[in-house]
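Quick note, the sequence shown lines up with residues 65 to 692 if you use the working numbering.
Where a beta carbon is used, it is the ideal one built from N, C-alpha and C, also for glycine.
Inspection log for the structure reproduced underneath, given as structure tokens.
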Amino acid sequence: MNRSQTEIKKLLDVLLAEKQEDQVMYEEQMLHLSHKDKIRKGLSWQPLYIKDSGYGLGDYPYLVIERTKNKGADHKFGAGKSVNLFLVNGDSQYENIKGTIHWVDKDSMKIIFTVDDIPDWTHQGSIGVSLLFDEKSYQEMEKALKTVLEAKNNRLETLSQVILGHIDPTPFSVNQNLVIPSLNSSQNKAVQHIEACEDIVAVHGPPGTGKTTTLVEAIKVLSKKYKNILVCAPSNTATDLLTTRLAKQDLSVVRIGNISRMDEEVLDHTLESTISKHSRAKEIKTIKLKAVEFRRMAGKYKRNFGYSERQQRRLLYKEAKQLAQEAVELENYIIEDVLDKANVITCTLVGANHRYIRDRVFPICVIDEAAQALEPATWIPIIKSDRVVLAGDPFQLPPTVKSNAGRKNGLEHTLLQKVIERLDNITLLDTQYRMNETIMGFSNQEFYCSELKADPSVAQHRIDHSDDTPLHFIDTAGCSYEEQQNTETRSLYNPQEFDLINKHLEQLLAENSQLNIGIISPYKSQVLYIKDRLGEAFLASHDVTVNTIDSFQGQEKDVIYISLVRSNESGEIGFLKDIRRMNVAMTRAKKKLIVIGDSATLGSDEFYNHFMNYCEKHKAYHTAWEYM
65 MNRSQTEIKK LLDVLLAEKQ EDQVMYEEQM LHLSHKDKIR KGLSWQPLYI
115 KDSGYGLGDY PYLVIERTKN KGADHKFGAG KSVNLFLVNG DSQYENIKGT
165 IHWVDKDSMK IIFTVDDIPD WTHQGSIGVS LLFDEKSYQE MEKALKTVLE
215 AKNNRLETLS QVILGHIDPT PFSVNQNLVI PSLNSSQNKA VQHIEACEDI
265 VAVHGPPGTG KTTTLVEAIK VLSKKYKNIL VCAPSNTATD LLTTRLAKQD
315 LSVVRIGNIS RMDEEVLDHT LESTISKHSR AKEIKTIKLK AVEFRRMAGK
365 YKRNFGYSER QQRRLLYKEA KQLAQEAVEL ENYIIEDVLD KANVITCTLV
415 GANHRYIRDR VFPICVIDEA AQALEPATWI PIIKSDRVVL AGDPFQLPPT
465 VKSNAGRKNG LEHTLLQKVI ERLDNITLLD TQYRMNETIM GFSNQEFYCS
515 ELKADPSVAQ HRIDHSDDTP LHFIDTAGCS YEEQQNTETR SLYNPQEFDL
565 INKHLEQLLA ENSQLNIGII SPYKSQVLYI KDRLGEAFLA SHDVTVNTID
615 SFQGQEKDVI YISLVRSNES GEIGFLKDIR RMNVAMTRAK KKLIVIGDSA
665 TLGSDEFYNH FMNYCEKHKA YHTAWEYM
């Protein structure tokens, strides 16, 4: 076993421990909750109404269901998650069938089932749906790591050793004449390195530096060199953004996988949509209609009919199944034809092992937002690729690790971080196009060794000419703005910090009503409190968005308020210690950033001490007393 395989073996052990702890947490939650509590917590819907049913790609049956109670309530369902559809009789569940969510919104979802037909009981009583433990992601990550472990005397063995820094990468020379006029020098350098890549290239893209723009231009260049390019991201949202941006470059893009709340641009490039435009798509429809007719005829024969009727029913179902198989074979031919002709195939990391591309080998894969991906997930597209491009920023949101064992054993440490630490072929995008240079300055010195510069077009971004203070820290120390705890969720909120934001916001909007504004807090209870107090009508009419830090990743606003919430005598700051999340929050503002917090609570932490010193140096320090 070489050094890379030894490292991967340790990673696999950590992943299995994470899976086990995650499953235990899920089972404890689900087993100890009553059916009513599962509904209340958004883990289950019941009763349901079947809005639509049919057969989709691969002749898999689907149901579109809608909940008839608790409409509009928050829930934990999401596209790609596994669910259990069940028949309810009193307090018991009798029949059940497992499926996968194709899309979901507030009150309805489409579920796809990998069976021949939807059971009759779905129309015979009260049905419900509940979340299942998500084994699929873990299974795909395990498979990928085991594939790397077993790689011997092949391209994957060499590539994995290069990526992990255990052998030297293949030397390459860049094409200095490859210059795209719309890109700056660091972006062009990244494109040149990506085009010349023989093994692995990493693009480090801090906030506002045009990482996605750079990747899109690089993929355009790669499309002239390679037949098929695999482009991935950890989330559906990031994958959809890449799909849309690439399609606008007149590239043939096919989006693989399940997409929640697809807009028209993305929908048009899904595999299903592309198949429907194929010259032979009508043949599939004709065959499927025949199959449906045979099923309908078979359904007329009930179980209590005689022998001949049962035989007839069996023959009709057999004919329907044969037609379905014929449709599948034709679909498979069309799918291969569509994928062969695509410049780019996009999918999530887990989606890279989707059944339609499982056996494909790609000349190169480009992975965006790699700093948000667990390392085991990042290997899923890598094992089917000859070259790899990783792009992201390890100083923004990290991947989600659920177990203490995972955190202790470095599961949060991403493959992009390893590559940046171990290899030389790293390109830093050094010019940002979002923030006033004073807003940018603190993150620049804390995270990026002061290597970033603000483009002249944004360096002096301000609300108006009279605004000479793009940055504010409002100190609530000594004002008795004590944090409070939501007794049910255990999350924290701070009502007085909201009052302060509200006063500041009123004054700001009175002077300039055309601004788009974001209000961010690390604590969900504070977000919900602010939303409730401001009201939906106010938020909509004034273009104000309120959300957690994670939800603001990738966004930008003219003005950002950050409510830090923590204010206590013991100096406890909890997960404010995750300074990568604070980096995300502090780099969303284009023209003005206002941070509200208690210096007495925050001052024990080095990062926040540095921030307050930075604010004092730039005359951005204020006290809450000025606003009371």
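List the endpoints of the continuous beta strand (DSSP E) containing VAL78. Segment 67 to 95 is the alpha helix (DSSP H) holding VAL78; no beta strand (DSSP E) there.
Consult DSSP for ASP607 and reduce its assignment to one of helix, strand or coil. coil
What is the DSSP secondary structure of LEU213, counted as helix, strand or coil? helix
To which residues of the same chain is ILE446 closer than 6 Å at the C-beta, ignoring the five residues directly before and after it? VAL452
Based on the DSSP output, what are the partners of ILE191 in its beta bridges? LEU151
Rounded to a whole number of angstroms, what is the C-alpha to C-alpha distance between LEU454 and GLU400? 27 Å
Taking LEU306 as the reference, which of ASN292, ILE283, LYS289, PHE511 has the closest Cα? ILE283
Using the Cβ count rule (16 or more neighbours within 10 Å means buried), how would you classify VAL648? buried
Looking only at DSSP bridge pairs, what is LYS472 linked to? DSSP, once it has assigned bridges, lists no residue as partnering LYS472.
Whose C-alpha, out of THR338, SER237, GLU575, GLU501, is nearest the C-alpha of THR651? GLU501
Between the Cα of GLU439 and the Cα atoms of GLY120, VAL265, SER117, VAL78, which residue gives the shortest distance? VAL78
Applying the 10 Å Cβ sphere with the 16-neighbour rule, what's the burial state of TYR672? buried
Note the first and the last residue of the continuous beta strand (DSSP E) segment covering MET173. 172 to 176
CYS261 in three-state terms, based on DSSP: coil
Pop quiz: ALA406 and VAL280 are said to be a contact at Cβ under 8 Å. What is the actual Cβ separation, rounded to whole angstroms? Contact doesn't hold; Cβ gap of about 16 Å is too wide.
Give me the residue from ALA684, LYS641, LEU315, ILE583 with the minimum Cα distance to ASP532. ALA684
My output table needs one value for TYR124: the three-state DSSP class, helix, strand or coil. coil
What is the DSSP secondary structure of LEU196, reduced to helix, strand or coil? coil
Identify which residue in LEU666, GLU221, HIS536, ARG344 has its Cα closest to the Cα of TYR691. HIS536
In whole angstroms, what separates the C-alpha of VAL408 from that of ILE293? 5 Å
Check PHE426 in the structure and name its three-state DSSP category. strand
What did DSSP end up calling SER324 once you bin it into helix, strand or coil? Only weak support is given to the placement of SER324: the predicted model assigns it a pLDDT of 44, under 50, and the question is left unresolved by the model.
From GLN84, LEU195, MET89, residue whose alpha carbon lies closest to that of GLY106: LEU195
Minimum length 4: unbroken alpha helix (DSSP H) runs contained in the stretch 271 to 307: 275 to 287
Looking at LEU112: is its Cβ nearer than 7 Å to the Cβ of ARG131? yes
Whose C-beta lies closer than 6 Å to the C-beta of CYS543 among residues of the same chain, with five residues either side of it excluded? ALA688
With DSSP as the reference, label ASN396 as helix, strand or coil. helix
Can you give me the Cβ contacts of LYS352 inside the same chain, cut-off strictly under 8 Å, excluding the 5 residues immediately before and after it? TYR119, ASP123, LEU387, ALA388, ALA391
Would you report the Cα separation of HIS166 and THR308, rounded to the nearest angstrom? 19 Å
Looking at the structure shown, is LYS683 part of a helix, part of a strand, or coil, going by DSSP? coil
Measuring CB atoms only, is the stretch 94 to 108 touching the stretch 181 to 196, in the sense that at least three cross pairs come out at less than 8 Å? yes
Taking only the alpha-carbon atoms, compute the straight-line gap between ILE264 and ILE129 and give it to the nearest angstrom. 45 Å
How is PHE671 classed by DSSP in three states: helix, strand or coil? helix
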